[in-house]
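Undergrad: One structure is given below, represented as structure tokens, and several questions about it will come after.
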Amino acid sequence: MEYKLRTEKSNITTMVEFILLGFPDIPNSQWILFGIFLVLYLTIVMCNSVIVPITRIDPALQTPMYFFLNHFSILEICYVTLTIPRMLTDLLSQKGHISFIACATQMCLVLLLGGLECLLLAVMAYDRYVAICNPLHYGLIMSPQVCVQLVTASWVSGVPVVTGQTWQVFSLPFCQTCQIFSLPFCGSNLINHFFCDIPPILKLACGDTFLNEMLVFTVAVLFVLIPFLLILVSYGKIISTILKLPSATSRGKAFSTCSSHLMVVALFFGSAIVTYLRPKMQGSAETDKVLSLFYTIVTPVFNPVIYSLRNKDVMMALRKWPGKHLRSLKK
């Protein structure tokens, strides 16, 4: 089926919508893909929806680590909801039409929440660094006020802030999206992707995109590379401290937790770095889609397991929670 752009009477081509192709290289498999992504989406939402109330209600989980985990779970629900429901709808309808404004909005929100996830992961790594490497001062360093400030700074870092009488908006994801969608799109409107991501959109733009690529590089360094390096430094210090533990059992448990966290971090940051820090927006569309699947779907599936369900305190709270809930209903 051929898709054409609508044109005005002045013969100037105007982009009014895009077509998300999704996974055209896997023909006659939309129902299989729909089932797989639906199960993954429900798993992510259900697991994180349980973690949020547990970490707020259970007295044993009122610590900085679970405070950060609570916000991280909320973020994960919002993050996957930006892409998967839309992809499920497109798999069912086999159309993939998305308006210019909707595509720009999706890109902006994905960038904003993706950057927030990078910052929160860095904050969580710093929390573990203080807990393991400086345990005697942990309560003083990670006070409730500091925890709130760290989470607040992460949440508002990419949110558009309107200041001054000129109503100028300062937000790197917002500015980046505006610049990309201000480019002329005079060719195809077919996006060989399952959501509006930067590389496939830039491939459709006409003219010189060098400045846009430099802005993408700058934002990726600030929100992806720097947090990733901070996480590596934190875990380097943590591993160094663990090696000094006298008990082999303690070292084994600590290494198991660290390796699991680092695996998720490597999947998320590695795919994001390759996607957004390439010298040019080149590479096959299929490679871009595989990389995007890692940081939009695969790591959100692993995160509840790694950060919560393998945690002894969380599992104990989950076992106690139904009984407490039932007793409260009887009163």
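Numbering (our numbering) for the sequence shown: 710 to 1040.
Think of the CB as a built atom: it goes at the ideal place given N, C-alpha and C, for glycine as much as any other residue.
Where HIS806 and LEU934 are concerned, what is the direct C-alpha to C-alpha distance, given to the nearest angstrom?
TA: Indexing the sequence shown from 1 puts residue 806 at position 97. Indexing the sequence shown from 1 puts residue 934 at position 225. Taking the straight line from one Cα to the other gives about 33 angstroms.
Undergrad: Report the partner residues of PHE743 according to the DSSP bridge assignment.
TA: If you number the sequence shown from 1, residue 743 lands on position 34. None; PHE743 has no bridge partner.
Undergrad: Count the CB pairs spanning the stretch 928-942 and the stretch 823-836 that are closer than 8 angstroms, and state whether there are at least three.
TA: As far as the Cβ criterion goes, the stretch 928-942 touches the stretch 823-836, which means the pair count is three or higher.
Undergrad: Could you tell me the alpha carbon to alpha carbon distance between GLN888 and ILE900, rounded to whole angstroms?
TA: Position 179 of the sequence shown, counted from the first residue, corresponds to residue 888. Position 191 of the sequence shown, counted from the first residue, corresponds to residue 900. Spanning the two alpha carbons is a distance of roughly 18 angstroms.
Undergrad: Grab me the residues of PRO893's own chain with a C-beta within less than 8 angstroms of its C-beta, minus the 5 sequence neighbours each way, in chain order.
TA: Start at 1 with the first residue of the sequence shown, and residue 893 comes out as number 184. Once the five neighbours on either side are set aside, the close Cβ partners of PRO893 are ALA914, CYS915, GLY916.
Undergrad: Provide the residue(s) that pair with GLU726 in DSSP beta bridges, ordered along the chain.
TA: Residue mapping note: residue 726 aligns to position 17 of the sequence shown, counting from 1. Partner(s): SER808.
Undergrad: For ILE900, write down the residues that DSSP places opposite it in a beta bridge.
TA: As a working mapping, residue 900 is identified with position 191 in the sequence shown. DSSP output for ILE900 lists LEU729 as bridge partner(s).
Undergrad: Looking only at its own chain, which residues have a Cβ that is under 6 angstroms from the Cβ of GLN877, when we skip the five neighbours before and after it?
TA: By 1-based counting over the sequence shown, the position of residue 877 is 168. Low confidence applies to GLN877: its pLDDT is 45, below 50, so where it sits in the model is not reliable enough to give any reading.
Undergrad: Quick one: which unbroken alpha helix (DSSP H) runs of 4-plus residues sit fully inside the stretch 757-841? Chain order, please.
TA: Those alpha helix (DSSP H) runs which fall completely within the stretch 757-841 and span 4+ residues are 773-790, 793-802.
Undergrad: Any idea if SER700 is buried or exposed, counting beta-carbon neighbours within 10 angstroms, 16 or more meaning buried?
TA: Limits of the chain in this structure are 710 at one end and 1040 at the other, which puts residue 700 out of reach.
Undergrad: Does the beta-carbon distance from GLN771 to LEU791 come in below 9 angstroms?
TA: On the sequence shown, position 62 is the one that residue 771 refers to. On the sequence shown, position 82 is the one that residue 791 refers to. Taking 9 angstroms as the Cβ cut-off, GLN771 and LEU791 do not qualify as a contacting pair.
Undergrad: Around the C-beta of SER782, are 16 or more other C-beta atoms found within 10 angstroms, so that it is buried, or is it exposed?
TA: Taking the sequence shown and counting its residues from 1, one reaches residue 782 at position 73. Buried, since its Cβ has 16 or more Cβ neighbours within 10 Å.
Undergrad: Since I believe ASN898 is in contact with GLU726 (beta carbons under 8 angstroms), could you give me their beta-carbon distance rounded to a whole number of angstroms?
TA: Mapped onto the sequence shown, residue 726 falls at position 17. Mapped onto the sequence shown, residue 898 falls at position 189. About 7 angstroms; that satisfies the 8 angstroms criterion.
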